[in-house]
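Here the protein sequences come in this chain order: W and R. Be aware that the first sequence starts at 703, since it is given in my numbering, and climbs by one per residue. Be aware that the second sequence starts at 2, since it is given in my numbering, and climbs by one per residue. Just so you know, even glycine gets a beta-carbon here, dropped at the ideal spot from N, CA and C. Small disclaimer: the values here were computed from a predicted structure and weren't measured.
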Amino acid sequence: MGPLEAFIKGMMVTGRQFIATVFGKGLVTTKYPQVMREKPQRFHGRHVLNRYEDGMEKCIGCELCAGACPARCIYVRGADNPPDHPVSPGERYGFVYEINMARCIFCGLCVEACPTEAITHSQLFEMSTTNRADAIYTKEELLVDEDGQPNHMFGEDRFADLQELRKADGWMRATSPQGRVAYEGQVAWSGSAGVGVRPPEVGQSDSDEDPRSEAADG
Amino acid sequence: MDWIDVALVAARVVVVFALLMLVTILLVWFERKVVADMQNRVGPDRAGPWGILQTLADGVKLFFKEQITPRKVELGLYLAAPMLAAIPAFLMFMVVPFGRPFRMTIGGEVRTIPLQGADLNVGLLYILAMSSVGVYAVVLAGWSSGSKYPLLGGVRATAQAISYEAAMGLSLVPVVLFVGSMRVSEIVAAQSGTLTFFNQTIGLPAWNLFVLAPSFVIFFIAAVAETNRAPFDLVEAEQEIVGGFHTEYSGLRFALFFLAEYINIFTMSALAVTLFLGGWSGPTWDGSLPVLVSGLLPTVWFFLKVLVFLFLYVWLRATLPRLRYDQLMTLGWKRLIPASLVWLFCIGGALAVRQFGLPWS
């Protein structure tokens, strides 16, 4: 290919994209604050601390998340539940819970380590701050309210999909308790406040059959 | 030469100045929008309708920013360089006519007012001179910054300007030979009407483009190189030498370099139109249209033609990767200069034959 031919070919590529975009076909970006793109169900966004359906906190202050964290950005202190006003079902609850979002790498190991599905990712991703202290999220900021709505900073006029913000804990539905790729059989995760027991993800099988044999048939 | 003449010249200068400022504001926005479209993006769309005021916002921001003066600069030249870039850029456009001269009765006397800053009899030489002075700004900015990356940019500018200045000058000689004048208004006037070729009238406008196509190609390539635009933007190659010559400039001084670059793009496009595409000439339907409309139509034709070239500039920028240094030199010295010399000999011979006949007859 001679240089002139290559030049014309290259100009044609940008020319085609120009025409496509002008006629509204090629555009791949969105007008972000007005138009929010739908995020994947298992999106690793800002963490939330979930509650059970009766409003009890799921966190038991075991610090397994802090131990699993490769970035050492989680700080947890547990405390004994007050007998007359228990915060969580069980003996202990998370008294202090802080995540330094400036250090977090959003790997999700804390979510996997959590024995009670207390900490999960959410769809929130706007976490810019103007000082480092603000990057540390405290328990008050991380905990969902009684209806299971994460603590968000969207006012009434924002175009955020508040239902989308409730789409948490996708990872645990990603694999069945048996460790298979597809979900099978009994739901093995606990219900959450506001949303109840979440169904398996779209595309997962809920039959008892081995999905691998199904794939072989298809 | 009475005071009315002086006032008219001053008015024309102010008009050209305002025009260039307006064009720069729109051109930066146009470039960002078109490049965005070519890259499947939206581009600026917040300031004003379609983001058209984006450049104004950026300009105001630059105006209020701190102008940092590094400790190692040669202060005099460092301060002079941005002005040296902006002033020739404004001056260069002064000789380009952007509309048909119109008649007006002022003080009981009918005057012809050309839509042009000044109609010099050495117009083309003046343009080449001004574009060379503009290069000094880049070289001096690079040298006086007292920093290595600007120096590298300045050195590159020197070599690039010399290489392509020659090709550009040589590509303009056939135009001067063919038209027989260096006056820009006469070059435009020579291109009105329809094309005549060996006493045959062809249904094409008598633009120099159709007769002097090789000159046009060489001129346009050299013009892109002269304005330091992609793919010849080695002078300010961001990926290699930070910002090149303007690395150490900030605030209003940087804005002046930026302004100069975009005015130069517009001027070079306007020159390509004036010298090869008939300038403001085009159908005006005199008599069948109101006087004001047919008087403004040439200006419309001029800006439409210029817009084509501005789009081409942006299109090139969106498409082509930067040339390597040896490729730049090869293209300048081994391709463009020999090609323009050969073409100059051809056109010179043809014109001599037309004027004096074949030597053996």
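Note the first and the last residue of the continuous beta strand (DSSP E) segment covering residue i.
{"i": "Ile107 of chain R", "result": "Phe103 to Ile107"}
{"i": "Pro206 of chain R", "result": "Gln201 to Pro206"}
{"i": "Val111 of chain R", "result": "Glu110 to Ile114"}
{"i": "Thr822 of chain W", "result": "Ile821 to His823"}
{"i": "Val301 of chain R", "result": "Unbroken run through Val301 of chain R is the alpha helix (DSSP H), Val292 to Thr320; no beta strand (DSSP E)."}
{"i": "Tyr777 of chain W", "result": "Ile776 to Asp782"}
Listing by chain order, which chain R residues have their CB less than 7 Å from the CB of residue i?
{"i": "Thr832 of chain W", "result": "By Cβ distance, chain R contributes nothing, its closest Cβ being about 19 Å from Thr832 of chain W, past 7 Å."}
{"i": "Val889 of chain W", "result": "What Val889 of chain W touches in chain R: nothing, since even the nearest Cβ is about 42 Å away."}
For residue i, would you say it is in contact with chain R, using Cβ-to-Cβ distances shorter than 9 Å as the test?
{"i": "Val750 of chain W", "result": "no"}
{"i": "Ala918 of chain W", "result": "Legend: pLDDT at Ala918 of chain W = 44, less than 50; position of this residue unreliable, value from coordinates given subsequently. So no, Ala918 of chain W is outside the interface."}
{"i": "Gly704 of chain W", "result": "no"}
{"i": "Leu729 of chain W", "result": "yes"}
{"i": "Arg914 of chain W", "result": "Per-residue confidence for Arg914 of chain W stands at a pLDDT of 49, beneath the threshold of 50, marking its modelled position as unreliable; no derived number is given."}
{"i": "Val778 of chain W", "result": "no"}
Hey, does residue i have any beta-carbon neighbour from chain W nearer than 9 Å?
{"i": "Arg112 of chain R", "result": "no"}
{"i": "Trp344 of chain R", "result": "no"}
Which word fits residue i, buried or exposed, when buried means at least 16 other C-beta atoms lie within 10 angstroms of its C-beta?
{"i": "Thr832 of chain W", "result": "exposed"}
{"i": "Leu826 of chain W", "result": "buried"}
{"i": "Ala917 of chain W", "result": "Its pLDDT being 47, under 50, Ala917 of chain W is placed unreliably by the model, and the measurement read from it follows with that caveat. The residue in question, Ala917 of chain W, is exposed, as its Cβ has fewer than 16 Cβ neighbours within 10 Å."}
{"i": "His746 of chain W", "result": "buried"}
{"i": "Lys760 of chain W", "result": "buried"}
{"i": "Arg739 of chain W", "result": "exposed"}
{"i": "Val136 of chain R", "result": "buried"}
{"i": "Tyr165 of chain R", "result": "buried"}
{"i": "Ser289 of chain R", "result": "exposed"}
{"i": "Phe64 of chain R", "result": "exposed"}
{"i": "Ile762 of chain W", "result": "buried"}
{"i": "Gly194 of chain R", "result": "exposed"}
{"i": "Asp38 of chain R", "result": "buried"}
{"i": "Cys347 of chain R", "result": "exposed"}
Could you give the residue range of the alpha helix (DSSP H) that holds residue i?
{"i": "Phe220 of chain R", "result": "Ala214 to Glu227"}
{"i": "Asn363 of chain R", "result": "Beyond the ends of chain R as shown, which are 2 and 362, falls residue 363 of chain R; an answer cannot be given."}
{"i": "Gly155 of chain R", "result": "Lys149 to Val180"}
{"i": "Phe709 of chain W", "result": "Pro705 to Val724"}
{"i": "Phe797 of chain W", "result": "First-last for Phe797 of chain W: Arg794 to Asn802, but that is the beta strand (DSSP E), not the alpha helix (DSSP H)."}
{"i": "Leu78 of chain R", "result": "Leu76 to Phe94"}
{"i": "Val750 of chain W", "result": "No alpha helix (DSSP H) holds Val750 of chain W; the beta strand (DSSP E) holding it covers His749 to Leu751."}
{"i": "Glu814 of chain W", "result": "Leu811 to Ala815"}
{"i": "Glu843 of chain W", "result": "Lys841 to Leu844"}
{"i": "Thr25 of chain R", "result": "Trp4 to Met39"}
{"i": "Asp327 of chain R", "result": "Tyr326 to Met330"}
Is the beta carbon of residue j closer than 9 Å to that of residue i?
{"i": "Gln117 of chain R", "j": "Val96 of chain R", "result": "yes"}
{"i": "Leu92 of chain R", "j": "Ile266 of chain R", "result": "no"}
{"i": "Ala224 of chain R", "j": "Gly333 of chain R", "result": "no"}
{"i": "Val315 of chain R", "j": "Val236 of chain R", "result": "no"}
{"i": "Pro99 of chain R", "j": "Trp281 of chain R", "result": "Per the sequence presented here, residue 99 of chain R reads as Phe, with Pro not at that position. Their beta carbons are under 9 Å apart, which means Phe99 of chain R touches Trp281 of chain R by this criterion."}
{"i": "Phe797 of chain W", "j": "Gly780 of chain W", "result": "yes"}
{"i": "Ala837 of chain W", "j": "Met803 of chain W", "result": "yes"}
{"i": "Arg805 of chain W", "j": "Ala773 of chain W", "result": "yes"}
{"i": "Glu75 of chain R", "j": "Gly252 of chain R", "result": "no"}
{"i": "Ile222 of chain R", "j": "Leu125 of chain R", "result": "no"}
{"i": "Phe246 of chain R", "j": "Ala158 of chain R", "result": "yes"}
{"i": "Val846 of chain W", "j": "Gly896 of chain W", "result": "yes"}
{"i": "Arg13 of chain R", "j": "Gly296 of chain R", "result": "no"}
{"i": "Gly147 of chain R", "j": "Lys73 of chain R", "result": "yes"}
{"i": "Ile128 of chain R", "j": "Leu313 of chain R", "result": "no"}
{"i": "Asn752 of chain W", "j": "Thr822 of chain W", "result": "yes"}
For residue i, go through chain W and note every residue whose CB falls closer than 8 Å to its CB, in chain order.
{"i": "Leu321 of chain R", "result": "Phe709 and Gly712"}
Closer than 8 Å by beta-carbon distance: list the chain R residues that pair up with residue i, in chain order.
{"i": "Gln719 of chain W", "result": "Asp38, Met39, Gln40 and Asn41"}
{"i": "Val724 of chain W", "result": "Asp38"}
{"i": "Lys760 of chain W", "result": "Near Lys760 of chain W there are no residues of chain R at all, since even the closest Cβ is about 42 Å away, more than 8 Å."}
{"i": "Lys733 of chain W", "result": "Val43 and Asp46"}
Anything in chain W within Cβ reach of residue i, meaning under 9 Å, just list it in chain order.
{"i": "Trp316 of chain R", "result": "Met713, Thr716, Gly717 and Phe720"}
{"i": "Val35 of chain R", "result": "Phe720"}
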